[in-house]
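Structure first, then comments.
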Amino acid sequence: MSALSEWVEHAATAIELLAVAIIVVTIAYSTAVYLGRLARGGADDMTYKGYRHQLARALLLGLELLVAADIIRTVALEPTLMHVAILGLLVLIRTVLSWGLVVEIEERWPWQPRRAERGPVT
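Yeah, the sequence shown ends on 182 if you go by my numbering, and it's all consecutive.
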């Protein structure tokens with residue numbers, strides 16, 4: 061393995077570790093805050109929604125970083141047709157997951173206007 065290939069592999073691994081760390085730390089922190097509010101009796105529907113939104117944002121960022129690591133690894137190290145096809149499938153799966161998380165966070169379909177943009181109901 062050449063020095064460049066080794067460096068690229070380490071960079072992709074570092075990005076993956078960063079993604080995992082972001083997800084784990086955010087889940088741990090958000091859960092601790094939510095459970096603290098729940099224990100004090102200060103948790104309501106908005107607290108729960110905020111908790112879910114924080115988790116979804118962490119997952120979105122983690123997924124984006126994992127896709128970036130996969131792209132770096134595939135393009136720089138193994139640009140065969142099979143690996144590019146596998147990368148395409150991974151990106152598709154992660155894109156669908158990300159899209160679902162965005163729908164969960166924004167509570168609307170992408171083609172629907174944002175709540176502030178919606179006109180009066182007739």
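Glycine included, C-beta positions come from ideal geometry on N, C-alpha and C.
Would you identify the three-state DSSP class for residue i, choosing helix, strand or coil?
i    : result
D104 : coil
W169 : coil
T140 : coil
S62  : coil
R117 : helix
T133 : The displayed chain sequence assigns Arg, not Thr, to residue 133. In the structure shown, R133 sits in a helix (DSSP, three-state: H, G or I).
How would you label residue i, buried or exposed, when you count the other beta carbons within 10 angstroms and need 16 or more for buried?
i    : result
R174 : exposed
D105 : exposed
I153 : exposed
A74  : exposed
L161 : buried
V135 : exposed
V181 : Here the model assigns V181 a pLDDT of 49, short of 50, so the residue's position is not dependable and the matter cannot be decided.
R133 : buried
V144 : exposed
So, for residue i: in the same chain, excluding its five sequence neighbours on each side, which residues have a beta-carbon less than 8 Å away from its beta-carbon?
i    : result
W169 : V163
I82  : A118, L121, G122, L125
Within the same chain, show all residues whose beta-carbon is closer than 6 Å to that of residue i, passing over the 5 residues directly before and after it, in chain order.
i    : result
G96  : none
D130 : L147, L150
T86  : A118
Between residue i and residue j, which are expected to be in contact by the criterion C-beta below 8 Å, what is the C-beta distance as a whole number of angstroms?
i   : j    : result
S90 : L115 : 6 Å
Please list, in chain order, all residues of the same chain as residue i whose beta carbon is under 7 Å from its beta carbon, the five residues on each side excluded.
i   : result
L78 : L125
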